[in-house]
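As structure tokens, the structure follows; a few thoughts come after it.
There are 2 protein chains.
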Amino acid sequence: MAENTFHKLRDEIENGILKGEFEPGERLDEVQLATHFGVSRTPIREALMQLSAIGLVEIRPRRGAVVVDPGPERVFEMFEVMAELEGMAGALAARRHTNQDRSALLAAHKKCESAATSQDPDSYYYENEAFHLAIYAASHSGFLEEQCAALHRRLRPYRRLQLHVHNRMKTSLKEHGEIVEAILAGDAEAARSLLRIHIAVQGDRFSDLVSNLGKRTRPKSTTA
Amino acid sequence: MAENTFHKLRDEIENGILKGEFEPGERLDEVQLATHFGVSRTPIREALMQLSAIGLVEIRPRRGAVVVDPGPERVFEMFEVMAELEGMAGALAARRHTNQDRSALLAAHKKCESAATSQDPDSYYYENEAFHLAIYAASHSGFLEEQCAALHRRLRPYRRLQLHVHNRMKTSLKEHGEIVEAILAGDAEAARSLLRIHIAVQGDRFSDLVSNLGKRTRPKSTTA
DNA sequence: TCATCCTATCTTGTATACACAGTAGTTGAC
DNA sequence: GTCAACTACTGTGTATACAAGATAGGATGA
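Sequences listed follow chains A and B, in order.
First residue of the first sequence: 2, per our numbering; consecutive thereafter.
First residue of the second sequence: 2, per our numbering; consecutive thereafter.
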């Protein structure tokens, strides 16, 4: 541990963006953030630099940092790439998973099941994340795992919105079951295509997503 | 452009790392870099923050920044992911390419041909990069294009080493030809698998890569 | 009344200063 | 002679100060 101030600030601001406390397009005032966190501008700037490098904020010269607004097409493209990477992770996991991975996957799946039966979207959202992280880990490719986790993290807010679509939780859980089965059976191509379909935003889910993107920018009331 | 100092510094240091001026594992002294570039430590730190966010350097608290050394397995994993992403870009390009993309691809391919016939590895290296960027652009997925370009850039030094392997240039060019054909014919799955094979480091190429990784860390004489 | 220009203020970008942690070198003791 | 501890120094982390550009508001002219 023993992290530095700018590390904590980076996570803090990143979470703020992902949770929607800072809206897309919003300007991030350095002095304001500095006073808010009780630090000087220096570590704030360093945190913003890191966020700009991973594409969460954009720094325009002499004009400050703004929260990047990906827009519907870009979000769709991100899901497209996520589907491909997850498919790859699933395929590798099918070939390489150990007994430990097997237990982790089954345990994560079971927790998703509990969350789904108790009809708790927030809990399912959390356990779903753990489930996917377990797949990445089972791929035994450190780099792929990192890339997947990073993109997964970035897509969090949109995934969260999707879960509130009617019946999505139930469908999602059913797909999880098939995915686990394919991976544990060592069927790489089945795991790949099942995961692709699981992630991809196709058909109705696309219009659901676009519709939800509009809702994301809230009526300014919960800002404080 | 009117970029800021830290933008230029970031590119400068990044190029230094990719070109091997800074060796993997080497400590990046802030004061030394500052005096070298004739600036203060502030923009240097901001540049290092960005490089740490994209994984080129690692910042350990109170112990400064060091150039990340991926190690053979990690490099292999990066090529694995690159192969998948390029395959995806090729598949999308096959479906979505416009007449403009078509001309750009053919032009880039022709330039590779010229470089190959004149037996110029450096020139081929450059034109090869342009060729692959043309494929990314033809995918018409802005996010995928960015991801591919970033990873491609990061793998530059290793690709450069590979080109010096005997006959690689000729084989590479032949593969390019087949890839162009598949894309222009609209055969997505052919384009995908051809590109996967083109990028993947398999069989002999893996041992070539590992052997070249050793050469990269030079005999410490050119440090000054 | 509207548009344009000028000015004042606010914010970013860079430099510098100071505090604290880590590291290395030296000295002393076993 | 070797190991450990203490001290001095080097370098990072954060704050603050200063300079320069951008924006907004007001004033003047058409």
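The C-beta atom is built at its ideal place from N, Cα and C for all residues, glycine as well.
None of these values were measured; they are calculated from a predicted model.
- Query: Nearest-angstrom Cα distance between A48(A) and A186(B)?
  - Reply: Against the first sequence, residue 48(A) aligns to sequence position 47. Against the second sequence, residue 186(B) aligns to sequence position 185. Rounded to the nearest angstrom, the gap between the Cα atoms of A48(A) and A186(B) is 47 Å.
- Taking the continuous beta strand (DSSP E) assigned at V68(B), which residues delimit it? Here the question's residue 68(B) lines up with position 67 in the second sequence. Going by DSSP, V68(B) is part of the beta strand (DSSP E) stretching over G65 to V68.
- Thinking just about the alpha-carbon of each residue, which of E15(B), L107(B) and T6(B) is nearest to the one in V1(B)? What is shown of chain B runs 2 to 225, which leaves residue 1(B) out entirely.
- Query: Counting only beta-carbon atoms, is Q51(A) nearer than 8 Å to chain B?
  - Reply: For the purposes of this step, residue 51(A) is taken as residue 50 along the first sequence, with counting starting at 1. So yes, Q51(A) belongs to the interface.
- Task: Report the rounded CA-to-CA distance for D205(B) versus F80(A), giving the unit in angstroms.
- Result: If you number the second sequence from 1, residue 205(B) lands on position 204. If you number the first sequence from 1, residue 80(A) lands on position 79. Note on geometry: alpha-carbon atoms of D205(B) and F80(A) lie some 35 Å from one another.
- Cβ-Cβ distance between M89(B) and L145(B) below 8 Å: Residue numbering aside, residue 89(B) sits at position 88 when the second sequence is read from its first letter. Residue numbering aside, residue 145(B) sits at position 144 when the second sequence is read from its first letter. Result yes, Cβ atoms of M89(B) and L145(B) sit closer than 8 Å.
- Message: So if I threshold CB-CB distances at 9 Å, which residues from the segment 58–70 of chain A count as touching chain B?
- Response: Within the segment 58–70 of chain A, the residues whose Cβ lies closer than 9 Å to some Cβ of chain B are I60, P62 and R63, listed in chain order.
- Mind listing the chain B neighbours of L195(A)? Cutoff is C-beta to C-beta under 9 Å, in chain order. One-based indexing of the first sequence puts residue 195(A) at position 194. Per Cβ cutoff of 9 Å: no residues; L195(A) is ~17 Å from chain B at best.
- Compare the Cα-Cα distances from C149(A) to each of F7(A), V166(A) and E130(A) and report the closest residue. Counting from one through the first sequence, the residue named residue 149(A) turns up at place 148. Answer by Cα proximity: E130(A).
- Message: For the alpha helix (DSSP H) containing E182(B), name the first residue and the last one.
- Response: Residue numbering aside, residue 182(B) sits at position 181 when the second sequence is read from its first letter. Annotation: the continuous alpha helix (DSSP H) that includes E182(B) extends over R169 to L185.
- List the residues of chain B whose Cβ lies closer than 7 Å to the Cβ of V82(A), in chain order. Here residue 82(A) refers to the residue found at position 81 of the first sequence. Close to V82(A), with beta-carbon spacing below 7 Å, are these residues of chain B in chain order: F144, L145 and Q148.
- Message: Suppose only complete runs of 4+ residues qualify. What are the alpha helix (DSSP H) ranges in the segment 127–173 of chain B, listed by chain order?
- Response: For the alpha helix (DSSP H) assignment, the uninterrupted runs of no fewer than 4 residues enclosed by the segment 127–173 of chain B are, from N- to C-terminal side, 143–155 and 157–164.
- Item | Neighbourhood of F77(B) by C-beta distance below 8 Å, restricted to the same chain and skipping five residues each side | Here residue 77(B) corresponds to residue number 76 of the second sequence, with the count starting at 1. Contacts found: V202, F207 and L210.
- Task: Measuring only between beta-carbons, confirm whether M170(B) sits less than 8 Å from chain A.
- Result: The sequence position of residue 170(B) within the second sequence is 169, counting from 1. No, its Cβ sits nowhere closer than 8 Å to a Cβ of chain A.
- Under 7 Å Cβ to Cβ from M170(A), same chain only, skipping five residues before and after it: list those, please. Residue 170(A) sits at position 169 when you count from the first residue of the first sequence. Closer than 7 Å at Cβ, skipping near neighbours: A117, P122, Y125 and L164.
- Message: Does chain A have any CB closer than 8 Å to the CB of I18(B)?
- Response: Locating residue 18(B) in the second sequence gives position 17, counting from the first residue. Cβ-Cβ to chain A under 8 Å: no for I18(B).
- Query: Do the segment 30–50 of chain A and the segment 5–15 of chain A touch if we need at least three Cβ pairs shorter than 8 Å?
  - Reply: The segment 5–15 of chain A and the segment 30–50 of chain A touch, with three or more beta-carbon pairs separated by less than 8 Å.
- Say whether the segment 85–100 of chain A touches the segment 190–198 of chain A, bearing in mind that this needs 3 or more beta-carbon pairs closer than 8 Å, one atom from each stretch. Judged by Cβ distances under 8 Å, the segment 85–100 of chain A makes contact with the segment 190–198 of chain A, as three or more pairs qualify.
- Item | Nearest residue (CA-CA) to I200(A), options I18(A), P62(A) and E85(A) | By 1-based counting over the first sequence, the position of residue 200(A) is 199. Checked all of I18(A), P62(A) and E85(A); the closest Cα to I200(A) is E85(A).
- Query: Closest to L162(A) by CA distance: which of L214(A), L174(A), C113(A) and A151(A) is it?
  - Reply: Against the first sequence, residue 162(A) aligns to sequence position 161. For L162(A), the nearest C-alpha among the options comes from L214(A).
- For H141(A), which residues from the same chain have a beta carbon less than 6 Å from its beta carbon, with the 5 sequence-adjacent residues on both sides left out? Here the question's residue 141(A) lines up with position 140 in the first sequence. Excluding residues up to 5 positions away in sequence, R97 lie with their Cβ nearer than 6 Å to the Cβ of H141(A) in the same chain.
- Message: Within 8 Å of any Cβ in chain B, is that where the Cβ of R75(A) sits?
- Response: For this step, residue 75(A) is matched to residue 74 along the first sequence. With a threshold of 8 Å between beta carbons, R75(A) makes contact with chain B.
- Can you tell me the Cα-Cα spacing of K20(A) and P158(A), whole angstroms? Residue mapping note: residue 20(A) aligns to position 19 of the first sequence, counting from 1. Residue mapping note: residue 158(A) aligns to position 157 of the first sequence, counting from 1. Those two C-alpha atoms are separated by around 7 Å.
- Whole-angstrom Cβ separation of A54(A) and D102(A), contact assumed at under 8 Å? For the purposes of this step, residue 54(A) is taken as residue 53 along the first sequence, with counting starting at 1. For the purposes of this step, residue 102(A) is taken as residue 101 along the first sequence, with counting starting at 1. In fact, because the Cβ distance is near 31 Å, the residues do not count as touching under 8 Å.
- Message: Contact criterion: CB-CB distance below 8 Å. Does I55(A) meet it with respect to chain B?
- Response: Along the first sequence, read from residue 1 onward, the residue named residue 55(A) stands at position 54. Closer than 8 Å: yes.
- Query: How would you list, in chain order, the residues of chain A whose beta-carbon sits under 7 Å from the beta-carbon of E31(B)?
  - Reply: Numbered from 1 along the second sequence, position 30 holds the residue referred to as residue 31(B). Chain-order list of chain A residues neighbouring E31(B): empty, with the shortest C-beta distance near 12 Å, by a criterion of under 7 Å.
- Message: If I measure Cβ to Cβ from H177(A) and keep anything under 7 Å in the same chain, skipping five residues before and after, which residues do I get?
- Response: What you label residue 177(A) is simply residue 176 of the first sequence in a count that begins at 1. Exclusion of the five residues before and after H177(A) leaves H110, C113 and F132 as the residues of its chain whose Cβ lies within less than 7 Å of its Cβ.
- Message: Taking the straight line between their C-alpha atoms, what separation do you get for I60(B) and D30(B)?
- Response: Looking up residue 60(B) in the second sequence gives position 59. Looking up residue 30(B) in the second sequence gives position 29. A straight line joining the alpha-carbon of I60(B) with that of D30(B) spans about 11 Å.
- Query: Counting only beta-carbon atoms, is E15(A) nearer than 8 Å to chain B?
  - Reply: As a position in the first sequence, residue 15(A) is number 14, starting the count at 1. Answer no: the Cβ-Cβ gap between E15(A) and chain B never drops below 8 Å.
- Query: By the criterion of Cβ-Cβ separation under 8 Å, what are the contact partners of R206(B) in chain A?
  - Reply: Walking along the second sequence from the start, residue 206(B) turns up at place 205. Within 8 Å Cβ-Cβ: nothing; R206(B) doesn't reach chain A, min ~18 Å.
- Message: Check for me: the beta strand (DSSP E) holding E24(A) runs from which residue to which?
- Response: What you label residue 24(A) is simply residue 23 of the first sequence in a count that begins at 1. For E24(A), there is no enclosing beta strand (DSSP E), since its DSSP letter is neither H nor E.
- Task: Kindly say whether N5(B), judged by its beta-carbon, lies nearer than 8 Å to any beta-carbon of chain A.
- Result: Locating residue 5(B) in the second sequence gives position 4, where the first residue counts as 1. N5(B) counts as touching chain A.
- Helix, strand or coil at V40(B) according to DSSP, with G and I counted as helix: Working through the second sequence from its first residue, we reach residue 40(B) at position 39. Looking at V40(B) - three-state DSSP - the assignment turns out to be coil, as it is neither helix nor strand.
- chain B beta carbons: is any one of them nearer than 8 Å to that of R219(A)? On the first sequence, position 218 is the one that residue 219(A) refers to. Below a pLDDT of 50, predicted positions are generally treated as unreliable, and R219(A), at 43, falls in that range; the measurement from the model is reported next regardless. By this cut-off, R219(A) is not an interface position.
- Buried versus exposed, by CB contacts within 10 Å (16 or more), R160(B): For the purposes of this step, residue 160(B) is taken as the residue at position 159 of the second sequence. Counting of Cβ neighbours within 10 angstroms places R160(B) among the buried residues, the total reaching 16 or more.
- Task: Out of V40(A), R28(A) and P44(A), point me to the one whose CA is closest to R63(A)'s CA.
- Result: Taking the first sequence and counting its residues from 1, one reaches residue 63(A) at position 62. Check the Cα spacing between R63(A) and each of V40(A), R28(A) and P44(A): the tightest is with R28(A).
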